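What follows is a single structure, written as C-alpha cells, with notes after it.
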Amino acid sequence: MTVAYLQDREAYDLAGFRASVPGITLLDDPVTLKRRSRDYYWFSPIAKAALDGKVADLVAVPQSIDDVMQIAAAAARHRIPVTVRGLGTGTYGQAVPLFGGIVLDFSQMTAIERVGSDGFKAQSGAKVDAVEQAARDQGLELRMHPSTKKMATIGGYFCGGSGGIGSVTWGGLREAGNLHGATVVTLEEEPQIIMLGGLDTNLVNRTFGSTGIVVDVSAPLEPARPWQDVVAAFADFDEALAYAHDVAANDAIAKRLVSFHVASCAHYLRPLIPGLEAGQCAVLMMIDSRDLEKLETKPVILSEPSDEREADPKRLPIYEMAWGHTTLHALKENRNLSYLQTLFPPGRIIETATKMHNALGDELPMHLEFIRYEGELAANGAQLWPYTSPERLAEIIALHEEVGVPVANPHVFTVEDGSRHKRVPGDQLAFKAKVDPHGLLNPGKMPSYVPAIP
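Using this note's numbering, read the sequence shown as starting at 579 and increasing by one per residue.
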C-alpha cells in the first residue's frame, strides 16, 4: 500500500526540510540527483522500463549518526520519503526512489570502528574492500563478500544483498552466525536508536532499507587463507557440472567460490581467461592453495594466487567473473541479455540443473553459484536470458517451479515479488511498523505494508 500524500510530490515541503537540517550537506543539481537515484536495475529490461526517470528531489549526505537522526526527524515531520543509499551496486532497483523525496547517501560515513578475532564493526558507508583489507592486516578476512567488493559498501551489501563469494562455505547472510548486529535509526519525529543482534539482525537484511536506517553493521571474521584462483575447462556439460558439484561438496577442500558456466555462458568470459576455448564449459574456483593437491588437475587451465590477480590492473580476480559480474560481462557484448535467479535444491542439484539445461539449452545458458543453504549444498542459478517478453519469462519460471526449482524474480523491485516466498516475513512487517510508522522508508518497495500512522 502507498499512502496518498506520496502521490503528490509538489506537496513535499522541501524548504521546510532544508530549514530543519542546518549544517548538513544537501545536493540538488540535476546530474547528482540522477546519478544517486540509480543502481544497476538496467540489468533487467523490465525493471529498466519501469524505473527509468525515477529521481530524488534532494540528496542528503550525513557525516554522523546525529546527522542521520536529524534528517530522519525532519523527513518524518514533513512527510517526505527517504531512500537509503550506499554506492548503488545492487541490481534490483533497491536504491531507486519511486516517489522522489530524499536520497540518504552514506558515502561519508565510512569509519571501520573495530576489527579483531571477534569480528568487525563498520559504518554503513565503509567499502567492503576496505573492511576486508583492514581484516587482512590482522590476518583475518570476511566470511563472504559480493562480486562488487571493490565498489560496494558494507551497509548496501547487508541491506540489499543475500550472499556471494564465500557462500559456498558459509551460506547466505541470513544463515545463523553470519551477522552479529546492526545499529538502526527509526524514521519518526523523535528518532530512536535500536541495537539489533544475532538473528534479529535479519529484520533489516535484504529489505532495501525499508525496515530502518542501518548506520553500522557488525559481522564475524575468519582466519585469512592463501586463496588461489583456479579455472577448469570441459567440453562436456555433464562432466563439468559433476566436477563443480564434487569440489563444492568436498569438505576437505577449503573454498571461497565454485562457479559453473555452461559453454554459451563461459563464452563471455573467454577474453578474460587465457586458454578457455570456444565450446568449453568453465568451472571458476577460489581454493586454499594448501588444498590444490586435492583437486583433479587434468582440466585446470588457470591457477594463480588470488591476491596477485586482484592487485594486477591488467587482470581480473576470478570473483569478478562470477555472481552478478557474469551478467555484467555478458551485457558488454549483448545488451539484449538479462538473467534469472533460481535455487537448485539440496540433494537434487545435478538432476534439476540437467533437466533445465535439456529443456531450455542456450535460451537460458546455465550459470550456477554453489552455496550452503541451511547447512546443505545447493546452487544459486543466475542463468543468462535473452529477453523476449514478460509472457515467456512467466513460462520459464513455471518450468523451473514444476521441477522444484524456486525462482526469485530479478525483474521486479519489491521485497515481496523478488522473494522465492512471494511475501515479507511477518517479523519484518511488524518491525517496519515500529521503525517506519509513516511508511516513508523507500516507499513502494514493500507494498504489503500498511503505515501505522499515515
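No residue lacks a Cβ here, since even glycine has one placed at the ideal position from N, Cα and C. All of these numbers come straight from a predicted model, not from anything done at the bench.
Would you say Leu-921 and Ile-975 are within 9 Å of each other, going by their C-beta atoms? The answer is no: Cβ separation not under 9 Å.
Quick one: Cα of Pro-1021 to Cα of Asp-778, how far? C-alpha separation (whole angstroms): 22 Å.
For a test of the three-state rule: what should DSSP assign to His-907, helix, strand or coil? helix
Would a C-beta distance cut-off of 9 Å place Thr-742 and Ser-702 closer than the cut-off? A small fix is needed here, since residue 742 is Gly in this sequence, not Thr. No, the Cβ-Cβ distance between Gly-742 and Ser-702 is not below 9 Å.
Around the C-beta of Asn-914, are 16 or more other C-beta atoms found within 10 angstroms, so that it is buried, or is it exposed? exposed
Check whether the stretch 757-766 touches the stretch 786-806, counting contact only when three or more Cβ pairs, one atom from each stretch, lie closer than 8 Å. yes
Please confirm whether Val-861 and Phe-812 have their CB atoms less than 9 Å apart. yes
Using 10 angstroms around the beta-carbon of Thr-603, count the other beta-carbons present and answer buried if the total reaches 16, otherwise exposed. exposed
Would you decide whether Asp-635 is buried or exposed? Buried here means 16 or more other CB atoms lie within 10 Å of its CB. buried
For Met-647, is the classification buried or exposed, using 16 other Cβ atoms within 10 angstroms of its Cβ as the cut-off for buried? buried
Option in Ser-788, Arg-752, Pro-769 and Phe-786 with minimal Cα separation from Gly-775: Among Ser-788, Arg-752, Pro-769 and Phe-786, the Cα nearest to that of Gly-775 belongs to Arg-752.
Going by CA-CA distance only, name the one from Val-1013, Ile-851 and Gly-857 that's closest to Ser-842. Gly-857
Could you please give me the residues that DSSP links to Gly-959 through a beta bridge? Residue pairing by DSSP places Gly-959 opposite Thr-920 and Leu-946 in a beta bridge.
Using a threshold of 9 Å, state whether the C-beta atoms of His-839 and Leu-955 are closer than that. no
Thr-661 (DSSP reduced to helix, strand or coil): strand
Quick one: using the 10 Å Cβ neighbour count with 16 as the cut-off for buried, is Pro-724 buried or exposed? So Pro-724 ends up on the buried side.
From the DSSP output, in three-state form, read off Glu-980 for me. helix
According to DSSP, is Asp-645 part of a helix, a strand, or is it coil? helix
Beta-carbon spacing of Val-1013, Gln-770 below 9 Å: It is a contact, given that the beta carbons lie within the stated cut-off.
If you run the structure through DSSP and keep just helix, strand and coil, what is His-758? Of the three classes helix, strand and coil, the one that applies to His-758 here is coil, per DSSP.
Please confirm whether Ala-820 and Ile-928 have their CB atoms less than 9 Å apart. yes
Below 8 Å, how does it come out for the stretch 938-945 and the stretch 847-856: are there three or more Cβ pairs, yes or no? no
Roughly how many whole angstroms lie between the Cα atoms of Ala-802 and Glu-941? The alpha-carbon of Ala-802 is positioned some 40 Å away from that of Glu-941.
Ranges of the alpha helix (DSSP H) found wholly within the stretch 700-726, counting only runs of at least 4: As far as the stretch 700-726 is concerned, its whole alpha helix (DSSP H) runs of at least 4 residues are 706-714.
Assuming contact is defined by CB atoms lying nearer than 9 Å, are Arg-721 and Pro-804 in contact in what I supplied? no
DSSP on Lys-632, reduced to helix/strand/coil? coil
Option nearest Leu-718 by Cα separation, candidates Asp-606, Gly-734, Val-706 and Gly-697: Gly-697
Which word fits Arg-780, buried or exposed, when buried means at least 16 other C-beta atoms lie within 10 angstroms of its C-beta? Note on residue identity: the sequence assigns Asn, not Arg, to residue 780. Its Cβ being crowded by 16 or more others within 10 Å, Asn-780 is buried.
Which class does Lys-1000 belong to by DSSP, given the choice of helix, strand or coil? Because Lys-1000 carries a pLDDT of 42, less than 50, the predicted location of this residue cannot be relied on, and no value is offered for it.
Please classify Pro-1025: does DSSP put it in a helix, a strand, or coil? coil
DSSP on Ile-602, reduced to helix/strand/coil? coil
Using the rule of at least 16 other Cβ atoms within 10 Å of the residue's Cβ for burial, across every protein chain shown, is Ser-745 buried or exposed? buried
Which residues bound the beta strand (DSSP E) around Met-863? 859-866
Please classify Tyr-735: does DSSP put it in a helix, a strand, or coil? helix
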